Amino acid sequence: MVFLVGLIVVITALHYFTGTEKVHVHDIYRRLYYLPIILGGLWFMLKGGMATAIVISIIYAPHVLFQWGHHPGSQPEQYLEILIYNVIGFITGFLTQRERLQKTRYQQTAERLEESYIKLREQADQILEIEDQLRRADRLSALGELSAELAHEIRNPLGSISGTAEILQDGMDPTDRRYEFAAILLKEVARLNAVVENFLQFARPERSDRGAFMPSEVLQEVFTLIEGQARKSGVRLSLEEGAAEILGDRDQIKQACLNLVLNAVQAMPGGGTLSVAQQRDGKFLCLKFRDNGPGIAAADLERIFAPFFTTRADGVGLGLAITQRIVRRNGGEIRVESRPGEGTTFSLCLPLADSSSNP
1 MVFLVGLIVV ITALHYFTGT EKVHVHDIYR RLYYLPIILG GLWFMLKGGM ATAIVISIIY
61 APHVLFQWGH HPGSQPEQYL EILIYNVIGF ITGFLTQRER LQKTRYQQTA ERLEESYIKL
121 REQADQILEI EDQLRRADRL SALGELSAEL AHEIRNPLGS ISGTAEILQD GMDPTDRRYE
181 FAAILLKEVA RLNAVVENFL QFARPERSDR GAFMPSEVLQ EVFTLIEGQA RKSGVRLSLE
241 EGAAEILGDR DQIKQACLNL VLNAVQAMPG GGTLSVAQQR DGKFLCLKFR DNGPGIAAAD
301 LERIFAPFFT TRADGVGLGL AITQRIVRRN GGEIRVESRP GEGTTFSLCL PLADSSSNP
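Each step along the sequence shown adds one to the number in full-length UniProt numbering, with nothing skipped, and position 259 is 259.
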C-alpha cells in the first residue's frame, strides 16, 4: 500500500514540476500511471483498481485543466487518457477478483476432500475395531451390513465434493485449464469412492488368532456362502475333502479363500467349473483353486497381486493384494499359474499343524 501511494506521488510530482513544453516527456509520465493502476487491481481486486484509477484521475485533472490550459489541442487527448485509466482499473480489478473467487472455490473443494480423507481414516479405524470384536461370530454377514452403513456415511461427503466440482465445472469453457482440473477432481472422487467400497468389504485386523483347524471345514463354509452366486453364473463347485490340519487364523484364511472363490466365479460369467484340491508340499498344505475360465495374460501375472491392479471394468484391485497379505501374515505363500483360454490355478500354501517348523 505504501509503495502504491509513493509511486502515485512520484509520478504526479513529475507531471506538476515538469514544464508543459516537454510534451513527449509528459506522454511518458501519463503512461507511467498505468503501473499503479494495474498493481492496485492485482493487489486489491476491483475496489483497489477503481480506487487507484479514481485517485489518479482526481489529482491529475487539475494539472490538465490549469497547466495545459494554454494547449487546448492537447486537453481532449489527456481527458481521454483519464477515462482509459478508469477502464483499465475496472478491467484489471474485475478479472483479478473473478480469478480469486475461483481460487477460493477450488480451495473449499480441496478442504472438503481432505475432510473426506480424514473421515475415511476414522471410519477405517472403527471397522477394524468392530471386526475384532466380532471375530467369534458369523462376521461375514454382520460385516456386510456394517460395511453398507459405513459406505453410506462416507459417500455423503464424497457426494458433496462431487456436486461442488460439477457446479464449478458448469459454465466453464471446455478448453479452459480449470475445466480440466475440475474433471480430474471428479474422476479422483469416483476412484476414492470405489476404494472405500472395496476397503470396507475386505479390510481385516492386523492381529492374528492362530490355531490348528481343518481347511475342509472352512472351504465348505465358503462354498455355502457363494453357491447362490455360482449357480446364477452357471459355475459348478467341486471340493476335495482332506484330513490334514493347518496352522493359522481361521477367519483370515476363510476371507482369503472367499476372495479366491469370488474371483474365479466372477471370471466365468458364462459358466464353468471351479475345483479346490488339497496337496501336501513338505511342511505345507497347498489348497489349489483351479478354474477353466479365460485365464490371465502373461503380461499381467507379474502384477496380479499389486494393489489396485485389476482387469475388470468394475474392479478396484484390492482383493488379491489383501489375500496375499493374509497368507504371508499366517506364514504361508500364494502362487498363480495361468494359460489364456484354458484357466487359472491359485495355490494357497499354509503350514501344516503337525509340522515341526511351526512358529
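Glycine residues also receive a C-beta, built at the ideal position from the N, C-alpha and C atoms. Keep in mind the model is a prediction, meaning the values are calculated, not measured.
A212 versus K288 - alpha carbon distance: Here residue 212 corresponds to residue number 212 of the sequence shown, with the count starting at 1. Here residue 288 corresponds to residue number 288 of the sequence shown, with the count starting at 1. So the two alpha carbons sit approximately 19 Å from each other.
Which residue's Cα is closest to the Cα of E111: A297, L158, R303, A353? Along the sequence shown, read from residue 1 onward, the residue named residue 111 stands at position 111. E111 has its Cα closest to that of L158, out of A297, L158, R303, A353.
Are L262 and I296 closer than 8 Å when you measure CB to CB? Counting from 1 along the sequence shown, the entry for residue 262 is found at position 262. Counting from 1 along the sequence shown, the entry for residue 296 is found at position 296. Against a cut-off of 8 Å, the Cβ pair of I296 and L262 comes out as no contact.
Taking DSSP as the reference, what is the three-state secondary structure of G159? Within the sequence shown, numbered from 1, the residue matching residue 159 stands at position 159. Helix.
Residue burial classification, H24 (beta-carbon count within 10 angstroms, cutoff 16): The sequence position of residue 24 within the sequence shown is 24, counting from 1. Per the 10 Å Cβ criterion, exposed.
Since R326 contacts Q252 with CB under 8 Å, what's their CB separation in whole angstroms? Sequence index remark: in the sequence shown, residue 326 carries index 326 (1-based). Sequence index remark: in the sequence shown, residue 252 carries index 252 (1-based). Checking the sequence, you will find Ile at residue 326 rather than Arg. Rounded, the Cβ-Cβ distance is 5 Å, consistent with contact.
State the Cα-Cα distance for the pair P205 and R328, rounded to the nearest angstrom. For the purposes of this step, residue 205 is identified with residue 205 of the sequence shown, where counting begins at 1. For the purposes of this step, residue 328 is identified with residue 328 of the sequence shown, where counting begins at 1. Unreliable placement is indicated for P205, whose pLDDT of 49 sits below 50; the coordinate value is still reported in the next sentence. Answer to the nearest angstrom: the Cα atoms are 14 Å apart.
First and last residue of the beta strand (DSSP E) that includes V336? In the sequence shown, residue 336 corresponds to position 336, counting from 1. Where V336 is concerned, the enclosing beta strand (DSSP E) stretches over 333-339.
What are the boundary residues of the alpha helix (DSSP H) that includes P62? The count along the sequence shown starts at 1 and reaches residue 62 at position 62. Where P62 is concerned, the enclosing alpha helix (DSSP H) stretches over 34-62.
Taking C-alpha atoms, which residue in N259, D249, N292 lies nearest to R236? What you label residue 236 is simply residue 236 of the sequence shown in a count that begins at 1. It is N292.
Cα-Cα separation, S57 to Q97: Position 57 of the sequence shown holds residue 57. Position 97 of the sequence shown holds residue 97. When rounded, the distance between both Cα atoms is 22 Å.
When DSSP builds the beta bridges, which residues end up paired with A277? Taking the sequence shown and counting its residues from 1, the one referred to as residue 277 is at position 277. For A277, which the question treats as bridged, DSSP gives the partners K288.
Have a look at I11 and E115 and give me their C-alpha separation to the nearest angstrom. Residue mapping note: residue 11 aligns to position 11 of the sequence shown, counting from 1. Residue mapping note: residue 115 aligns to position 115 of the sequence shown, counting from 1. The straight-line gap from Cα to Cα measures roughly 50 Å.
Buried or exposed by the 16-neighbour rule on C-beta atoms within 10 Å, applied to R136: Taking the sequence shown and counting its residues from 1, the one referred to as residue 136 is at position 136. Bear in mind that the predicted position of R136 carries a pLDDT of just 46, short of 50, making it too unreliable to give a figure here.
D209 lies in the beta strand (DSSP E); which residues open and close that run? Counting from 1 along the sequence shown, the entry for residue 209 is found at position 209. Where D209 is concerned, there is no enclosing beta strand (DSSP E), given that its DSSP letter is neither H nor E.
Rounded C-beta distance between L274 and S238? I'm assuming under 8 Å. Counting from 1 along the sequence shown, the entry for residue 274 is found at position 274. Counting from 1 along the sequence shown, the entry for residue 238 is found at position 238. Rounded, the Cβ-Cβ distance is 7 Å, consistent with contact.
Is it right to say P62 is buried, meaning 16 or more other beta carbons lie within 10 angstroms of its own, or is it exposed? Counting from 1 along the sequence shown, the entry for residue 62 is found at position 62. That one is exposed.
Coarse secondary structure for D173, derived from DSSP in three states: What you label residue 173 is simply residue 173 of the sequence shown in a count that begins at 1. If DSSP states are grouped into helix, strand and coil, D173 belongs with coil.
By the DSSP assignment, the beta strand (DSSP E) with F346 in it spans what residues? In the sequence shown, counting from the first residue as 1, residue 346 sits at position 346. It spans 343-351 - the beta strand (DSSP E) in which F346 sits, taken as one unbroken run.
Extent of the continuous beta strand (DSSP E) to which R312 belongs: Here residue 312 refers to the residue found at position 312 when the sequence shown is read from its first residue. It is not in any beta strand (DSSP E) - R312 carries neither H nor E in the DSSP assignment.
List the whole-angstrom C-beta distance separating L4 from G40, where the pair is believed to meet the contact cut-off of C-beta under 8 Å. By 1-based counting over the sequence shown, the position of residue 4 is 4. By 1-based counting over the sequence shown, the position of residue 40 is 40. Their Cβ separation, rounded to whole angstroms, is 6 Å, which keeps L4 and G40 in contact under 8 Å.
Quick check on the burial criterion: 16 or more other C-beta atoms within 10 angstroms. Buried or exposed for S141? Working through the sequence shown from its first residue, we reach residue 141 at position 141. With a pLDDT of 49 at S141, under the threshold of 50, the modelled position of that residue is not reliable, and the figure given next carries that caveat. Its Cβ having fewer than 16 others within 10 Å, S141 is exposed.
Reducing DSSP to helix, strand and coil, say where R303 ends up. Indexing the sequence shown from 1 puts residue 303 at position 303. Three-state result, R303: coil.
Just the C-alpha distance for G319 and D300, rounded to the nearest angstrom, thanks. If you number the sequence shown from 1, residue 319 lands on position 319. If you number the sequence shown from 1, residue 300 lands on position 300. C-alpha separation (whole angstroms): 15 Å.
Answer with buried or exposed for L247, where buried requires no fewer than 16 other C-beta atoms within 10 angstroms of its C-beta. Here the question's residue 247 lines up with position 247 in the sequence shown. Buried, since its Cβ has 16 or more Cβ neighbours within 10 Å.
Compute the beta-carbon to beta-carbon distance between E240 and A277, rounded to the nearest angstrom, for a pair I have assumed lies under 8 Å. Here residue 240 refers to the residue found at position 240 when the sequence shown is read from its first residue. Here residue 277 refers to the residue found at position 277 when the sequence shown is read from its first residue. Confirmed, Cβ separation roughly 4 Å.
Taking just the CA atoms, how far does R210 sit from R139? By one-based count along the sequence shown, residue 139 stands at place 139. By one-based count along the sequence shown, residue 210 stands at place 210. With a pLDDT of 47 at R139, under the threshold of 50, the modelled position of that residue is not reliable, and the figure given next carries that caveat. Cα-Cα distance, rounded: 17 Å.
What is the DSSP secondary structure of F213, reduced to helix, strand or coil? Working through the sequence shown from its first residue, we reach residue 213 at position 213. In the structure shown, F213 sits in a strand (DSSP, three-state: E or B).
Do L42 and T92 come within 8 Å of each other at the CB atom, strictly closer than that value? Translated into the one-based positions of the sequence shown, residue 92 becomes position 92. Translated into the one-based positions of the sequence shown, residue 42 becomes position 42. Contact: yes.
Which class does G248 belong to by DSSP, given the choice of helix, strand or coil? Mapped onto the sequence shown, residue 248 falls at position 248. Note: G248 maps to strand in three-state DSSP.
H15 versus Y29: straight-line alpha-carbon distance, rounded: For this step, residue 15 is matched to residue 15 along the sequence shown. For this step, residue 29 is matched to residue 29 along the sequence shown. Roughly 7 Å separates the two Cα atoms.
Local conformation of G319 per DSSP, three classes: Reading the sequence shown from its first residue, position 319 is the one you call residue 319. Of the three classes helix, strand and coil, the one that applies to G319 here is helix, per DSSP.
Spatial neighbours of S216 within its chain, please: C-beta separation below 7 Å, excluding the five flanking residues on both sides. Taking the first residue of the sequence shown as position 1, residue 216 is located at position 216. Cβ neighbours of S216 beyond the five flanking positions: E241, G242.
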